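Novice: Using our numbering, read the sequence shown as starting at 2 and increasing by one per residue. Got a structure for you, written out below as structure tokens; questions coming shortly.
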Amino acid sequence: MEQVLIATRNAGKAAEFKQFFSHYHIEALSMLDLEEDIPDVEETGVTFEENAALKAEEISTKLGIPVLADDSGLVINALNGEPGVYSARYAGLDKNDDANMDKVLKKLQGVSRLERTARFVCVIALSIPGEKTIFRTGFCEGHIAETKSGTNGFGYDPIFIPNDQKKTMAELTAEEKNRISHRTKAIQQFDEWIKGYKERKA
């Protein structure tokens, strides 16, 4: 595997993956690098694993190349796992971050600090033509704040306080966030697999 396509149009996310794969001399492209316009894959799965696999496998089959896709979201224990796979569209199909956070905070009104535990989850699927799709999962544990705070993040970052932190994810610097993020932890788990894969193919 000398090249892999990252199934994202998010430049920041693509840069993160590109940096990781560069250590293994693997060129990582994103959807932004393709001349052909590939339609977004509809996320119809009921788990993070299913949605990540849907994206990776459909695009890999279409293009005949290795494709990596991720699905991530916020899981809140007091809300029975909500918003989960519906994190991006929790308050509506228009995917409004503020509306999503407002819905969470409203549902957690009166819930004590000890019961506001939550985690960010990231599942990464790698689909290689002719091989079984592999998955890696990363978590960032924490709890939900009572108010929004910070402007550095996106999604639910302004209301999520990671364990061992007194600030929300949106109040951390990009470097601080990347050290503890669920996506970073999921990506790092590919280290051993990639080394083994390159040895098998050598």
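Don't be surprised by glycine CBs; every beta carbon is placed ideally from N, CA and C. All of these numbers come straight from a predicted model, not from anything done at the bench.
I'd like to check one pair, Phe49 with Val124: are the Cβ atoms closer than 7 Å?
Specialist: Working through the sequence shown from its first residue, we reach residue 124 at position 123. Working through the sequence shown from its first residue, we reach residue 49 at position 48. Yes.
Novice: Taking only the alpha-carbon atoms, compute the straight-line gap between Glu51 and Ala126 and give it to the nearest angstrom.
Specialist: Sequence index remark: in the sequence shown, residue 51 carries index 50 (1-based). Sequence index remark: in the sequence shown, residue 126 carries index 125 (1-based). Distance between the alpha carbons of Glu51 and Ala126 is about 9 Å.
Novice: Indicate whether Asp98 and Gly156 have their beta-carbon atoms separated by less than 7 Å.
Specialist: For this step, residue 98 is matched to residue 97 along the sequence shown. For this step, residue 156 is matched to residue 155 along the sequence shown. Using a Cβ distance threshold of 7 Å, Asp98 and Gly156 count as a contacting pair.
Novice: Does the beta-carbon of Glu172 have 16 or more other beta-carbons within 10 angstroms, so that it is buried, or is it exposed?
Specialist: The residue you call residue 172 lines up with position 171 of the sequence shown. Burial call: buried.
Novice: Within a Cβ cutoff of 6 Å, which residues of the same chain sit near Asn153, ignoring the five residues on either side of it in sequence?
Specialist: Within the sequence shown, residue 153 is the residue found at index 152, counting from 1. So the list reads Ala171, once near-sequence residues are dropped.
Novice: Does the pairing of the region 194-202 with the region 79-91 give three or more beta-carbon distances under 8 Å?
Specialist: no
Novice: For the beta strand (DSSP E) containing Gln4, list its first residue and its last residue.
Specialist: Here residue 4 refers to the residue found at position 3 of the sequence shown. Segment Gln4 to Ile7, the beta strand (DSSP E) holding Gln4.
Novice: Consult DSSP for Phe140 and reduce its assignment to one of helix, strand or coil.
Specialist: Counting from one through the sequence shown, the residue named residue 140 turns up at place 139. Three-state result, Phe140: strand.
Novice: What span of residues does the beta strand (DSSP E) with Thr118 cover, start to end?
Specialist: Stepping through the sequence shown from its first residue, residue 118 is reached at position 117. In the DSSP assignment, Thr118 falls within the unbroken beta strand (DSSP E) covering Thr118 to Ser128.
Novice: Under 7 Å, Cβ to Cβ, is there at least one residue of chain C near Gly46?
Specialist: Here there is only one protein chain, and chain C is not present.
Novice: Is there contact here, the region 86-95 with the region 135-151, by at least three beta-carbon pairs under 8 Å?
Specialist: no
Novice: With which residues is Ala70 paired in a DSSP beta bridge?
Specialist: For this step, residue 70 is matched to residue 69 along the sequence shown. Ala126, per the DSSP bridge assignment.
Novice: State the Cα-Cα distance for the pair Glu142 and Leu35, rounded to the nearest angstrom.
Specialist: Locating residue 142 in the sequence shown gives position 141, counting from the first residue. Locating residue 35 in the sequence shown gives position 34, counting from the first residue. One C-alpha to the other measures close to 35 Å.
Novice: Suppose you measure from the CA of Thr118 to the CA of Lys202; what does that come to, to the nearest Å?
Specialist: On the sequence shown, position 117 is the one that residue 118 refers to. On the sequence shown, position 201 is the one that residue 202 refers to. About 43 Å.
Novice: Could you please give me the residues that DSSP links to Leu75 through a beta bridge?
Specialist: As a working mapping, residue 75 is identified with position 74 in the sequence shown. Paired residues: Phe121.
Novice: Which residue from Phe21, Asn11 and Gly13 puts its Cα closest to that of Val5?
Specialist: Position 4 of the sequence shown, counting from 1, holds the residue named residue 5. Residue Phe21 is the option with its Cα nearest to Val5.
Novice: Taking C-alpha atoms, which residue in Arg10, Ile160 and Ile181 lies nearest to Asp38?
Specialist: Looking up residue 38 in the sequence shown gives position 37. Of the listed residues, the one whose Cα sits closest to Asp38 is Arg10.
Novice: Assuming contact is defined by CB atoms lying nearer than 7 Å, are Leu55 and Val76 in contact in what I supplied?
Specialist: As a first step, residue 55 is located in the sequence shown; it is residue number 54 there, counting from the start. As a first step, residue 76 is located in the sequence shown; it is residue number 75 there, counting from the start. Cβ distance not < 7 Å, so Leu55 and Val76 don't count as in contact.
Novice: Nearest-angstrom Cα distance between Val107 and Arg184?
Specialist: For the purposes of this step, residue 107 is taken as residue 106 along the sequence shown, with counting starting at 1. For the purposes of this step, residue 184 is taken as residue 183 along the sequence shown, with counting starting at 1. With the sequence shown as reference, residue 107 is identified as Lys, and Val is not the correct amino acid for it. One C-alpha to the other measures close to 27 Å.
Novice: Can you say whether Arg137 is buried or exposed, counting buried as having 16 or more other CB atoms within 10 angstroms of its CB?
Specialist: For the purposes of this step, residue 137 is taken as residue 136 along the sequence shown, with counting starting at 1. Looking at its Cβ environment, which holds 16 or more other Cβ atoms inside 10 Å, Arg137 is buried.
Novice: Would you mind giving the Cβ-Cβ distance between Ser88 and Gly111, rounded to the nearest angstrom? I have them listed as a contact below 8 Å.
Specialist: Position 87 of the sequence shown, counted from the first residue, corresponds to residue 88. Position 110 of the sequence shown, counted from the first residue, corresponds to residue 111. In fact, because the Cβ distance is near 23 Å, the residues do not count as touching under 8 Å.
Novice: In chain order, what residues of the same chain lie with their CB nearer than 7 Å to the CB of Ala70, ignoring the 5 residues before and after it?
Specialist: If you number the sequence shown from 1, residue 70 lands on position 69. Ala8, Ala53, Lys56, Ala57 and Ala126, listed in sequence order.
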